[in-house]
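Everything in the sequence shown is counted per the numbering used here, starting at 4 for the first residue and increasing by one. Just so it is clear, CB atoms sit at the ideal spot from N, CA and C, and this is done for glycine as well.
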Amino acid sequence: MDKYRGEMLYEAIMIDTFFKKIGPKLFQAPGDERTALIAEIKDTIFPSITARLEKHLPADKKFIAGDSMTIHDFTIGGGLINTLENPNTKDPEMWAECKAALPARVKKYVDDCKESLKEHLDKRPQTCSL
């Protein structure tokens, strides 16, 4: 069941939502249409991600499948960290609002992922060289 939960969350959050619904919208040309798309991400799409994650995270464990990180925590938790906390993220104001609205269980999950990845996160560059 832990493996199933991890696969289901990866498919629902990363594949069906981040890659299909969020990613393409972030790179729209500035204007009214993009502004509406960003509002949709903040008000509808991202809250659906956190609600699903909150529903399926075990209350008595740190991560999706227990107290040790799995590949699903690297992808989902890492994706959330990158989206919500990367200083080079696109639309940082929107993501700050999304982070402030995280359900408590999802916030704890993100914090637990950050703690497990602390050594790596401390070493990554703080600027983008693209």
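Under the three-state DSSP convention, the category residue i falls into
{"i": "Gly69", "result": "strand"}
{"i": "Thr38", "result": "helix"}
{"i": "Gly82", "result": "helix"}
{"i": "Ala32", "result": "coil"}
{"i": "Arg108", "result": "helix"}
{"i": "Leu133", "result": "Because the pLDDT of Leu133 is 45, which lies under 50, any placement of that residue in the model is unreliable, and the number read from its coordinates should be weighed accordingly. Correct three-state label for Leu133: coil."}
{"i": "Gly127", "result": "In the sequence under discussion, the amino acid at residue 127 is Arg, which differs from the Gly named in the question. Residue state, collapsed to three classes: coil."}
{"i": "Pro50", "result": "helix"}
{"i": "Ala62", "result": "coil"}
Distance between beta carbons of residue j and residue i, contact taken as under 8 Å
{"i": "Asp125", "j": "Ile41", "result": "About 30 Å; that fails the 8 Å criterion."}
{"i": "Asp115", "j": "Lys65", "result": "4 Å"}
{"i": "Ile52", "j": "Ile16", "result": "5 Å"}
{"i": "Trp98", "j": "Leu105", "result": "About 11 Å; that fails the 8 Å criterion."}
{"i": "Lys24", "j": "Cys101", "result": "Not quite, the Cβ-Cβ distance comes to about 14 Å (not below 8 Å), so this is no contact."}
Same chain, Cβ closer than 6 Å to residue i, five either side skipped, listed in chain order
{"i": "Arg108", "result": "Glu57 and Leu60"}
{"i": "Ser119", "result": "Met72"}
Own chain residues within Cβ distance below 8 Å of residue i, not counting five before or after
{"i": "Thr20", "result": "Ile48, Ser51 and Ile52"}
{"i": "Gly82", "result": "Ile16, Met17 and Phe21"}
{"i": "Glu43", "result": "Lys28"}
{"i": "Leu133", "result": "Note that Leu133 scores a pLDDT of 45, beneath 50, so its modelled location is shaky; the value from the coordinates is reported in the next line. Around Leu133: no qualifying Cβ."}
{"i": "Asn85", "result": "Thr92"}
{"i": "Ala62", "result": "Arg108"}
Sequence-distant residues of the same chain with beta carbon closer than 7 Å to residue i, five excluded per side
{"i": "Lys121", "result": "none"}
{"i": "Asp70", "result": "Lys64"}
{"i": "Arg127", "result": "none"}
{"i": "Arg37", "result": "Gln31"}
Cutoff 7 Å: residue i Cβ touching any chain C Cβ
{"i": "Glu10", "result": "Note that chain C does not occur in the displayed structure, where there is just one protein chain."}
Would you check if there are 3 or more beta carbon pairs closer than 8 Å linking the segment 59-77 to the segment 9-16?
-> yes
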